[in-house]
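I have placed the structure first, in the form of structure tokens, so that the comments after it can refer back to it.
In our numbering, the protein residues as written are 102 to 447.
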């Protein structure tokens, strides 16, 4: 089992800028499959990740950021487009009575076994780097069960009912994380974007308090919790830090340098290139320049990890991804750091 705390310290102390983009969709396309195939079949999902590992030099492996898996397990209806991420149809609960009746599912329902399979197979073939699983955060899950617009109101008019819902969501996510840890993952990215809609105080009450329960239970020297909140514009970073997560992943809505200034220097801070506006829509030359500028701006922060601000969407051109890594290679070369494993294989 990998000591992830030692690995983290090595990244901070090594003066080598690493990259961990949240990126699986290019692998799906490279193996000739569709998004629907990967999000419903754990073996296809794992093969896509394996292909990504063969072509691109991420310092750690991540899975698809699918924010419908846990909601489906609770009973939400899901639509599965062929070449886009699944969508939730309607809402599952609408009041305290519904919440009281809601059962915390086990891990054998819906697509949970397929995602566990994808992670287990990835752990088996990825031996040279950490494997980070992915789960949704408690508030984001509750918002998908209750409806996000409605829960923003209910937090003020029905706080006790929402507390019960968040408790049930947390229990399920915790159970899921414990299983991911058992199968050998080095950590988990908890995606909590909906918490970015809350004030810092409300983020603390309705998100961070519950995320901390998960962190306290599963995080140790061999398992890292990475808290992702791409909805945060800088206003709820304090609440995020209060979770005690070992690493933090930020979206492109924040100023990453300002964020690095207030974050602990002994924790990895990841971000934050726009996955759509830059990685998908810009030219390779523009992406390379944008990435190089980000690396230059963050050059004095040894705990910074180059990443995308969120999951890279389908149909990002390969030359755009190469430009991202070429900027990293050139940055490290300028620092006179030899990092031969970052050479992209054609």
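Cβ atoms here follow ideal geometry from the backbone N, Cα and C, with glycine treated the same way.
N-terminal and C-terminal residue of the beta strand (DSSP E) that residue i is part of
{"i": "residue 409", "result": "405 to 409"}
{"i": "residue 448", "result": "Since the first and last residues shown for the chain are 102 and 447, residue 448 lies out of range."}
{"i": "residue 339", "result": "Residue 339 -> not in any beta strand (DSSP E); alpha helix (DSSP H) instead, spanning 338 to 342."}
{"i": "residue 188", "result": "188 to 190"}
{"i": "residue 174", "result": "Careful: residue 174 lies outside any beta strand (DSSP E), inside the alpha helix (DSSP H) at 170 to 175."}
{"i": "residue 371", "result": "369 to 374"}
{"i": "residue 291", "result": "288 to 292"}
{"i": "residue 350", "result": "348 to 351"}
{"i": "residue 178", "result": "178 to 180"}
Minimum C-alpha distance to residue i - residue among the options
{"i": "residue 271", "options": "402, 196, 237", "result": "237"}
{"i": "residue 364", "options": "228, 335, 126, 173", "result": "335"}
{"i": "residue 405", "options": "112, 208, 209", "result": "112"}
{"i": "residue 121", "options": "416, 436, 435, 412", "result": "412"}
{"i": "residue 128", "options": "257, 155, 116", "result": "155"}
{"i": "residue 344", "options": "370, 317, 357, 399", "result": "317"}
{"i": "residue 231", "options": "130, 132, 325", "result": "325"}
{"i": "residue 418", "options": "435, 382, 434", "result": "382"}
{"i": "residue 340", "options": "298, 153, 269, 400", "result": "298"}
{"i": "residue 227", "options": "285, 379, 408", "result": "285"}
{"i": "residue 315", "options": "279, 300, 349, 337", "result": "279"}
{"i": "residue 327", "options": "174, 213, 351", "result": "351"}
{"i": "residue 380", "options": "356, 304, 410, 349", "result": "410"}
{"i": "residue 133", "options": "415, 258, 430", "result": "415"}
{"i": "residue 399", "options": "388, 361, 309", "result": "361"}
{"i": "residue 329", "options": "349, 243, 338", "result": "349"}
{"i": "residue 353", "options": "261, 263, 377", "result": "377"}
{"i": "residue 185", "options": "179, 225, 136, 219", "result": "136"}
{"i": "residue 319", "options": "219, 302, 338, 281", "result": "281"}
{"i": "residue 267", "options": "229, 310, 283", "result": "310"}
{"i": "residue 199", "options": "250, 262, 387, 301", "result": "262"}
{"i": "residue 331", "options": "202, 290, 303", "result": "290"}
{"i": "residue 229", "options": "158, 366, 355", "result": "158"}
{"i": "residue 283", "options": "217, 257, 245, 258", "result": "217"}
{"i": "residue 123", "options": "160, 130, 131", "result": "160"}
{"i": "residue 366", "options": "397, 355, 356, 401", "result": "401"}
{"i": "residue 304", "options": "288, 130, 257, 287", "result": "257"}
Cα-Cα separation, residue i to residue j
{"i": "residue 428", "j": "residue 421", "result": "11 Å"}
{"i": "residue 440", "j": "residue 425", "result": "Bear in mind that a pLDDT of 49 at residue 440, under 50, signals an unreliable position, so the model cannot answer this."}
{"i": "residue 447", "j": "residue 307", "result": "Residue placement at residue 447 is poorly supported in this model, since its pLDDT is 46, which falls under 50; the coordinates still yield a value, given next. The straight-line gap from Cα to Cα measures roughly 46 Å."}
{"i": "residue 432", "j": "residue 393", "result": "7 Å"}
{"i": "residue 368", "j": "residue 190", "result": "38 Å"}
{"i": "residue 109", "j": "residue 403", "result": "11 Å"}
{"i": "residue 371", "j": "residue 342", "result": "13 Å"}
{"i": "residue 53", "j": "residue 312", "result": "Past the boundaries of the shown model lies residue 53; the chain is included only from 102 to 447, so the question cannot be answered."}
{"i": "residue 195", "j": "residue 294", "result": "21 Å"}
{"i": "residue 153", "j": "residue 197", "result": "44 Å"}
{"i": "residue 147", "j": "residue 125", "result": "10 Å"}
{"i": "residue 142", "j": "residue 435", "result": "42 Å"}
{"i": "residue 333", "j": "residue 221", "result": "31 Å"}
{"i": "residue 252", "j": "residue 240", "result": "9 Å"}
{"i": "residue 106", "j": "residue 321", "result": "8 Å"}
{"i": "residue 385", "j": "residue 115", "result": "29 Å"}
{"i": "residue 250", "j": "residue 166", "result": "22 Å"}
{"i": "residue 388", "j": "residue 203", "result": "46 Å"}
{"i": "residue 139", "j": "residue 219", "result": "9 Å"}
{"i": "residue 245", "j": "residue 347", "result": "26 Å"}
{"i": "residue 358", "j": "residue 210", "result": "42 Å"}
{"i": "residue 466", "j": "residue 407", "result": "This structure cannot settle anything about residue 466, because the visible part of the chain is limited to 102 through 447."}
Residue i, enclosing alpha helix (DSSP H) - first and last residue
{"i": "residue 136", "result": "136 to 141"}
{"i": "residue 240", "result": "239 to 247"}
{"i": "residue 363", "result": "357 to 363"}
{"i": "residue 198", "result": "197 to 202"}
{"i": "residue 167", "result": "Counting along the chain, residue 167 falls outside any alpha helix (DSSP H), and DSSP gives it neither H nor E."}
{"i": "residue 311", "result": "310 to 319"}
{"i": "residue 130", "result": "126 to 131"}
{"i": "residue 260", "result": "260 to 283"}
{"i": "residue 430", "result": "419 to 435"}
{"i": "residue 106", "result": "105 to 114"}
{"i": "residue 304", "result": "301 to 304"}
{"i": "residue 387", "result": "385 to 398"}
{"i": "residue 377", "result": "Premise fails: residue 377 is in no alpha helix (DSSP H) and is neither H nor E."}
Rounded distance between the beta-carbons of residue j and residue i, thought under 8 Å
{"i": "residue 187", "j": "residue 169", "result": "4 Å"}
{"i": "residue 118", "j": "residue 323", "result": "The Cβ separation is near 25 Å, so there is no contact."}
{"i": "residue 164", "j": "residue 255", "result": "Not confirmed; about 31 Å, so no contact."}
{"i": "residue 162", "j": "residue 145", "result": "Residue 162 to residue 145, Cβ: 16 Å. No contact."}
{"i": "residue 395", "j": "residue 374", "result": "7 Å"}
{"i": "residue 206", "j": "residue 174", "result": "5 Å"}
{"i": "residue 276", "j": "residue 208", "result": "6 Å"}
{"i": "residue 247", "j": "residue 171", "result": "In fact, because the Cβ distance is near 14 Å, the residues do not count as touching under 8 Å."}
{"i": "residue 337", "j": "residue 296", "result": "7 Å"}
{"i": "residue 265", "j": "residue 180", "result": "The pair is not a contact, with the Cβ atoms about 28 Å apart (cut-off 8 Å)."}
Any non-hydrogen atom of the ligand MN within 7 Å of residue i CB
{"i": "residue 156", "result": "With respect to the ligand MN, the structure offers nothing, as it holds no ligand at all."}
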